[in-house]
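Just so you know, the protein sequences line up as chains F and Y, in that order. Just so we're on the same page, our numbering is the position in the first sequence counted from 1, plus 3. Just so we're on the same page, our numbering is the position in the second sequence counted from 1, plus 1152.
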Amino acid sequence: MTQSEDRETKTFFKVFWAWEDEKEEQWLEEQALQGYHLLSVAPFFYEFEKGPSQQVKYRLDYKVTVDKDYQEYQSLFQDSNWELVTRMSNWHYYRVDLENKEVPELYSSNRTKAQKYRRLLAGLFPSIVILFVVINPTLYRSSSESSGVFGTIYQIAHIFFILILFFLIYGVIRILTIIRKLESETRE
Amino acid sequence: MSEKINLEEIIKKATPLTEASFYILAALAEPLHGYGIMQKVSELTHDRVQLGPGTLYGALTNLQTLGLIESIDGSAAERKKVYQMTKIGRLVAESEVRRLEEVSRHGRFLLGL
């Protein structure tokens, strides 16, 4: 895609959760067919560049970028001709032209594909711990100062954090289900 | 003696290797970097076994954890890691070759080939 002055970009708002990565890949592929090619991703926002319709394959992979083997991870992916389009936190967005049939899938076995979701779980773990650290004070305060404006604020915060916690637990269950399915399927 | 017991334990833990892992391990009879492994396995199998980068990355991590392969220090300018099989890795690979030969022999016998 050449960069010209009349470069047209468009931003979409769209919600995909961590366990919906395959749905997200499919959606990005549909956008490419309509001529919208991914430029960058922020939480729930996708920026595209308008161009010709193209049949491409998008794949998402999860890898913590501060890992000490991150450079090795990067060079393995670069060498295999998958183009790293953009990165959002630890999510890596890869793209390949469908005409380029030589390029294999990111994962040629379910067992190693399950490892991606294991990395994701390990990546989610710190946020659950942080949430527990944040929830505990609100639990404590709301019971001791349950009256007045502060009491109400604490109660709202309390409910809010508990909702987030339940949502995270729900997410963990969804991801564990994916892992179990992948690992129970026949090897290779 | 203790080394022998250790090897048996590792074989029990690591095998049967997946097809991808076996090819990666066997390819590392000579030192190679990641892309070199992909190319070698593709050429050898006429593209039947194509290693995706995610699978290669995961399998390399596993094989290193099991102590079957190791990364060797290249020159400082070399950005990519170079891997090779360890002594134990070689013994595990050899035991897998024997197992696969047995599987093949039994298959021929049972199918009357």
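Where is the CB? At the ideal position from N, CA and C, for every residue including glycine.
In its own chain, which residues sit with a C-beta less than 8 angstroms from the C-beta of residue i, not counting the 5 before and 5 after it?
{"i": "F:G174", "result": "W20, A21, W22, L127"}
{"i": "F:L42", "result": "T12, E50, F51, E52, V88, T89"}
{"i": "F:K26", "result": "F19"}
In whole angstroms, what separates the C-alpha of residue i from that of residue j?
{"i": "F:D24", "j": "F:Y96", "result": "10 angstroms"}
{"i": "F:M4", "j": "F:A45", "result": "Any reading at F:M4 needs caution, since the residue's pLDDT is 47, under 50, leaving its predicted position unreliable; the model's value is listed next. When rounded, the distance between both Cα atoms is 22 angstroms."}
{"i": "F:K71", "j": "Y:L1262", "result": "50 angstroms"}
{"i": "F:F153", "j": "F:K17", "result": "35 angstroms"}
{"i": "Y:E1182", "j": "F:T12", "result": "49 angstroms"}
{"i": "F:Q29", "j": "F:L134", "result": "32 angstroms"}
{"i": "F:R98", "j": "F:Y61", "result": "5 angstroms"}
{"i": "Y:G1259", "j": "F:T89", "result": "48 angstroms"}
{"i": "F:T180", "j": "F:S187", "result": "11 angstroms"}
{"i": "Y:P1205", "j": "F:I172", "result": "30 angstroms"}
{"i": "Y:Y1187", "j": "F:S78", "result": "9 angstroms"}
{"i": "F:H161", "j": "F:K116", "result": "37 angstroms"}
{"i": "Y:T1213", "j": "F:E32", "result": "30 angstroms"}
Name the chain F residues that come within less than 7 angstroms of residue i, Cβ to Cβ?
{"i": "Y:A1280", "result": "With chain Y covering only 1153 through 1265, there is no way to say anything about residue 1280 of chain Y."}
{"i": "Y:P1205", "result": "L79, F80, S83, W85, L109"}
{"i": "Y:Q1202", "result": "P107, S111"}
Since residue i contacts residue j with CB under 8 angstroms, what's their CB separation in whole angstroms?
{"i": "F:L101", "j": "F:I178", "result": "The Cβ separation is near 28 angstroms, so there is no contact."}
{"i": "Y:V1234", "j": "Y:L1184", "result": "7 angstroms"}
{"i": "F:L168", "j": "F:N113", "result": "Not really, about 31 angstroms apart at Cβ, beyond 8 angstroms."}
Among the residues of its own chain, which have a CB less than 7 angstroms from the CB of residue i, if the five just before and after it don't count?
{"i": "Y:L1220", "result": "A1166, L1177, M1237, T1238, I1240, G1241, V1244"}
{"i": "F:D82", "result": "none"}
Check the Cβ of residue i against every Cβ in chain Y and list those closer than 8 angstroms, keeping chain order.
{"i": "F:Y76", "result": "Y1209"}
Residues of chain Y with CB closer than 9 angstroms to the CB of residue i, please, in chain order.
{"i": "F:K104", "result": "Near F:K104 there are no residues of chain Y at all, since even the closest Cβ is about 10 angstroms away, more than 9 angstroms."}
{"i": "F:K207", "result": "For residue 207 of chain F there is no data in the structure shown, the boundaries of chain F being 4 and 191."}
Against residue i, what residues of chain F qualify as contacts under a CB-to-CB distance less than 8 angstroms, listed in chain order?
{"i": "Y:G1259", "result": "Simply none; closest approach about 17 angstroms."}
Please work out which residues of its chain come closer than 6 angstroms, Cβ to Cβ, to residue i, disregarding the five sequence neighbours upstream and downstream, and give them in chain order.
{"i": "F:Q58", "result": "L101"}
{"i": "F:A35", "result": "Q57, V59"}
{"i": "F:Y120", "result": "I178, I181, I182"}
{"i": "Y:E1253", "result": "none"}
{"i": "F:W122", "result": "A quick correction: the sequence has Arg, not Trp, at residue 122 of chain F. Hits under 6 angstroms: Y65."}
Counting only Cβ pairs nearer than 7 angstroms, list the residues of chain Y close to residue i.
{"i": "F:D64", "result": "G1206"}
Measuring only from the beta carbon, is residue i closer than 7 angstroms to any heavy atom that is part of the ligand HEM?
{"i": "F:E33", "result": "With respect to the ligand HEM, the structure offers nothing, as it holds no ligand at all."}
Task: Within the region 44-68 of chain F, ranges of the beta strand (DSSP E) (whole runs, at least 3 residues) - done: 48-53, 59-65
TODO: Tell me the start and end of each unbroken beta strand (DSSP E) in the region 1157-1196 of chain Y that is at least 3 residues and wholly inside, in chain order.
DONE: none
- [ ] Kindly provide the ranges of any beta strand (DSSP E) runs that are 3 or more residues long and lie completely inside the region 1202-1247 of chain Y, ordered along the chain.
- [x] 1221-1224, 1234-1237
Open item on the list: Could you tell me which whole beta strand (DSSP E) segments of length 3 or greater appear in the region 13-37 of chain F?
Closed with: none
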